[in-house]
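Enquirer:
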Amino acid sequence: GKGGLEHWQRVRAQVERKFGADQVDTLFPPEAYQLTHNALFPHDCVHVENLGGAIGDPRLHNRRLTIGAFPWLFKGGEAAFCRAVAWIDEDELDAAPKKEKKGKKDKKEKKDKKK
Numbered sequence: 061g062k063g064g065l066e067h068w069q070r071v072r073a074q075v076e077r078k079f080g081a082d083q084v085d086t087l088f089p090p091e092a093y094q095l096t097h098n099a100l101f102p103h104d105c106v107h108v109e110n111l112g113g114a115i116g117d118p119r120l121h122n123r124r125l126t127i128g129a130f131p132w133l134f135k136g137g138e139a140a141f142c143r144a145v146a147w148i149d150e151d152e153l154d155a156a157p158k159k160e161k162k163g164k165k166d167k168k169e170k171k172d173k174k175k
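Under the numbering used here, the sequence shown is numbered contiguously, ending at residue 175.
1. Looking at the structure shown, is R124 part of a helix, part of a strand, or coil, going by DSSP?
2. Under three-state DSSP, which class holds F101?
3. Are the stretch 130-138 and the stretch 146-153 touching by the rule of at least three beta carbon pairs closer than 8 angstroms?
4. Just the C-alpha distance for H121 and N110, rounded to the nearest angstrom, thanks.
5. Please return the same chain residues whose Cβ sits closer than 7 angstroms to the Cβ of T96, not counting the five positions on each side in sequence.
6. Which residues in the same chain have their Cβ closer than 6 angstroms to the Cβ of G61, if we skip the five residues on either side of it in sequence?
7. Just the Cα atoms here: how many angstroms apart are Q83 and R72?
8. If contacts are defined as beta-carbon pairs under 8 angstroms, then D114 and I127 qualify, I think. What distance do you get, rounded to the angstrom?
9. Figure out for me which residue from R124, F141, A129 and R119 has the closest Cα to the Cα of D154.
10. To the nearest angstrom, how far is it from the Cα of C142 to the Cα of E66?
11. From the DSSP output, which residues share a beta bridge with R143?
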């Protein structure tokens with residue numbers, strides 16, 4: 061699918077660079093459009109897409125997490141906003157490599173180097 065935030069354009073460009081523009085329709089045939097929706101949903105297999113927040117935190121990468129998704133319920137709805145949360149043991153989280161935060165000091169040093 062096209063996805064949010066024009067992500068599809070970046071993915072398509074990457075596929076074209078790697079496999080060639082003539083291979084896009086072979087790799088992603090139009091009849092497979094939104095395959096995860098059309099093939100899995102009838103079997104009660106659901107997914108969450110367009111996650112944001114701390115999902116990019118390296119401490120959460122390449123590990124098993126207990127994840128919960130709590131959708132906004134409304135009558136007759138097929139899709140909804142939801143709050144997705146992950147639980148991880150605090151000891152594991154503390155032992156994982158931390159993402160460096162850029163503070164005001166780092167920004168000032170970077171600005172000073174440009175001068």
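We put the CB at the ideal spot given by N, CA and C, even for glycine.
Values in this document were obtained by computation on a predicted structure and should not be read as measured data.
Expert: On the basis of the data shown:
1. coil
2. helix
3. no
4. 17 angstroms
5. H107
6. In this prediction, G61 scores a pLDDT of 47, lower than 50, which makes its location untrustworthy; the coordinate-derived value is nonetheless stated afterwards. Q94.
7. 11 angstroms
8. According to the sequence shown, residue 114 is Ala rather than Asp. Not confirmed; about 12 angstroms, so no contact.
9. R119
10. 21 angstroms
11. F130
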